[in-house]
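Notes for the one structure printed next.
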Amino acid sequence: MSKRNRSAPPALSYDEAVHAIAALVSPGARAAIIDALTDGGQAAAPDALASLRAAMRAHAFPIEAGTLSVRRVVESLDGRTRRDGLHVMHGWDYAAQRRPHDIAPVLLLDYCARLGIEELRATDMLRVLLEHYCLAALGLLLVRAWDEGDANRHLDRIDGLLRDLQAPGASGHPVADGSGSLLMLAVAYFHPEEHAYGALLRKVWTLDEAHRLRLALPCAGIMASHLRWGWRFMYRQDLGAMRADNAVDYPWALFALMTLMREYTRLLPNGDAAARTTLAAALLNGLACDPELFTNAPPAFLAAYHAEHAELRASLSRHREQLLADFARIEPSARRFSPVGFACNFVSNASVALATIACADGTRYAALDLLFRPDVEDNTAGSSRAEQMARRLMQYAAHPDRLGAGGAPLIVYDPYDGVHHYNAVVRALTRSG
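Mapped onto the numbering used here, the consecutive letters of the sequence shown carry residue numbers -1 to 431.
Below, the structure is given as structure tokens:
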């Protein structure tokens, strides 16, 4: 039969994709996969890891009844996403300046395997690595949420699947608290096709107010952390160079800050004080990367977002005194943890660090969200969960084999950086009137 006459496979609907990934991430399915990989606990760790590696590459996982395959779903969604210019399943090899052959979950597995994990920890390691594969698959689903139907509803469904993935009985090592941080993780790689970031952001703007806010809370901190890392290590504190090299990132920061500021303003008259404090912490963190860009006239690269920038700038000026008062209550110092002192080049590096630590010694931390919008009541220096987590990730990143270009650590927590950035925000707001 000629290729011309062969029937093309039927198009995959979004609902079909959700159901297929839901079957994979369900606690029962993952338990069955782990049991099959370990042969009921009899397989040696290297053999079980080799089986998981093969399953990830084939997108087909062994279970007692046969095989649980998501290959059609993953390849379909990944193909669409690549055509849009985004690569959710593959990272970026900076040394070779190309995409690696293997998907990111396989590279993580290989890296952890090279570290040498104790046989007694092998099953826990398999759980962590399988969950990271599932997390990547959920990231694909999330990026395709606008393909058909109601994207708001799809985000709710993905939040439910994420809860299933990290439910009691799982590895006990959560990565993302919700669809907002998951979206940041999904696209937190270098993409030469920079237009793809703008196209995705235009879709995000179409969400309803509640779902935009859900994304804006983690987005503000994650984008600011990325820019703060660049300011310190890549651009040597040259804001002009940072702006020129991150024109695709600033619209995301603007989206997050404007969304947060609208909600903050809504709560000002008689709103929930605790909710306003959370918003103030997120606004402070989001502004603390380049505050003058948001309080002064916009640069040329934000021309397409002139109206949004003007609204944010006016609102920051109008509510300057209240913002300064709220910020003062959460001012960074060496005596209290603040996310303003945390920086990492890409949040995906923090995710890999968290997984590697989990595989190596089993230490349990909260999801990464804690580093970007922590509990403002849990911030005592040295004892807060967020600071303990930040310092452990920084220790991991300081290993000579994990340093970036020029010997830069890819994850840093420095409370004095937090003080510096806080003062910059206060100066910018004070001058904005």
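For every residue, glycine included, the Cβ atom is placed at its ideal position computed from N, Cα and C.
Asked	Found
Same chain, Cβ closer than 7 angstroms to Arg4, five either side skipped, listed in chain order	At Arg4, the pLDDT of 44 sits below 50, so the modelled position is not reliable; the number obtained from the coordinates is stated separately. There are no such residues.
CA-to-CA distance, Pro398 to Ala149, given in whole angstroms	43 angstroms
Bridge partners - Ser331, DSSP secondary structure assignment	Arg334
Spatial distance of Gly238 from Phe344 (CA atoms)	20 angstroms
Coarse secondary structure for Phe340, derived from DSSP in three states	strand
Meets three-Cβ-pair contact criterion under 8 angstroms: the region 97 to 106 and the region 130 to 144	yes
Close-in-space but distant-in-sequence residues of the same chain around Gln235 (CB under 7 angstroms, 5 per side omitted)	Trp229
Cβ neighbours of Leu34 in the same chain (closer than 7 angstroms, five flanking residues each side left out)	Per the sequence shown, residue 34 should be read as Ala rather than Leu. Closer than 7 angstroms at the Cβ level, and outside the excluded window around Ala34, lie Pro60, Ile61 and Glu62.
Exposure of Thr65, with buried meaning 16 or more beta-carbon neighbours within 10 Å	exposed
Stretch pair the region 75 to 83 + the region 184 to 198: three plus CB contacts closer than 8 angstroms	yes
Given Pro289 as reference, the closest of Arg161, Leu314, Ala27 and Ala305 once Cα atoms are compared	Leu314
Sub-8 angstroms separation of Ala174 and Asp367 beta-carbons	yes
Gly137 vs Leu180 beta-carbon contact at 8 angstroms	yes
Residue nearest to Leu113 in terms of C-alpha spacing, selected from His419, Tyr411, Glu73 and Arg400	Arg400
Per DSSP, cross-strand counterpart(s) of Ser67	Ala58
Own chain, CB closer than 7 angstroms to Ala298, minus 5 neighbours either side, in chain order	none
Backbone secondary structure at Ile101 - three-state DSSP	coil
Endpoints, the beta strand (DSSP E) within which Ala262 is located	Reading off the sequence shown, one finds Tyr at residue 262, where the question assumed Ala. From DSSP, Tyr262 is part of no beta strand (DSSP E) but of the alpha helix (DSSP H) over Tyr248 to Leu265.
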